[in-house]
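**Q** Here it is, the structure in full.
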Amino acid sequence: MLKDILNNHMVRLDIDVENWEDAIRCAGEILLDQNIIENRYIDAMIQSVKKLGPYIVLLPGVALAHARPEDGTKQMGISFATLNPEIYFGNKDFDPVRLIICLSAIDDTSHLDILSVIAEILAQPQNIDDLLNCTDTEEFVNKMMEMENRI
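Quick note: the sequence shown uses this note's numbering, first residue 736, plus one each step.
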């Protein structure tokens with residue numbers, strides 16, 4: 736399932752940003768560069784956090800940025816970015832964030848299977864550590880595929 740949407744172009748490692756907005760912007764630009772979203776989708780992800788708070792920080796060290804399909808989605812896609820140094824989003828339970836995932840969904844349901852796979856992978860803290868220790872995007876993608884195969 737991940738093999739259908741995840742490749743080396745969808746991953747950036749050790750991004751150095753100043754704040755959570757820049758983290759979302761950098762991770763979103765991966766999708767923008769692949770023509771998966773429009774630029775306004777990135778702005779919508781940032782506005783969502785400003786309006787609703789740091790709810791996107793779902794696990795210790797992991798954030799899942801997203802917006803509504805009508806905010807500029809062109810197709811389903813997902814990007815991953817590791818942050819170095821880590822960034823605080825304002826979530827006292829799960830900050831600081833080292834891994835940010837951006838999701839572009841075309842409707843309310845078609846992305847749920849992918850999210851389920853990613854949730855199972857990230858439910859294991861060791862898997863998160865393994866991903867954060869990757870030294871290149873190919874290694875990251877290969878590890879994600881291996882982890883998916885173990886589910």
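Ideal Cβ placement from N, Cα and C applies to all residues, glycine included.
Suppose contacts are defined by Cβ-Cβ distances below 7 Å. Is Met780 in contact with Ile765 by that definition?
**A** no
**Q** Taking the straight line between their C-alpha atoms, what separation do you get for Lys827 and Asp757?
**A** 20 Å
**Q** Have a look at Arg833 and Ile772 and give me their C-alpha separation to the nearest angstrom.
**A** 23 Å
**Q** With a Cβ-Cβ cutoff of 7 Å, do Asn743 and Glu873 count as a contact?
**A** Yes, they are a contact pair.
**Q** Given that a residue counts as buried once 16 or more other Cβ atoms are within 10 Å of its Cβ, and exposed if not, what is Met736?
**A** exposed
**Q** Please report the straight-line C-alpha distance between Phe815 and Leu793, rounded to a whole angstrom.
**A** 15 Å
**Q** For the beta strand (DSSP E) containing Arg833, list its first residue and its last residue.
**A** Here the beta strand (DSSP E) through Arg833 covers 832-839.
**Q** In the DSSP assignment, what residue or residues form a beta bridge with Ser814?
**A** Cys837
**Q** Please look up how many angstroms separate the CB atoms of Val852 and Ile813, rounded, as I've assumed it's under 8 Å.
**A** Rounded to whole angstroms, the Cβ separation of Val852 and Ile813 is 10 Å, and the two are not in contact under 8 Å.
**Q** Bridge partners of Glu846, per DSSP?
**A** Sequence inspection shows His at residue 846; the Glu mentioned does not correspond to that position. The secondary-structure analysis by DSSP pairs His846 with nothing; it has no beta-bridge partner.
**Q** Find out if the Cβ-Cβ distance for the pair Pro795, Phe829 is shorter than 7 Å.
**A** yes
**Q** Buried or exposed: where does Leu787 fall if 16 or more other Cβ atoms within 10 Å of its Cβ makes it buried?
**A** exposed
**Q** For Leu794, list the residues DSSP reports as bridge partners.
**A** Val797
**Q** Using DSSP with H/G/I as helix, E/B as strand and the rest coil, what is Ile853?
**A** DSSP places Ile853 within a helical segment (H, G or I) once states are collapsed to three.
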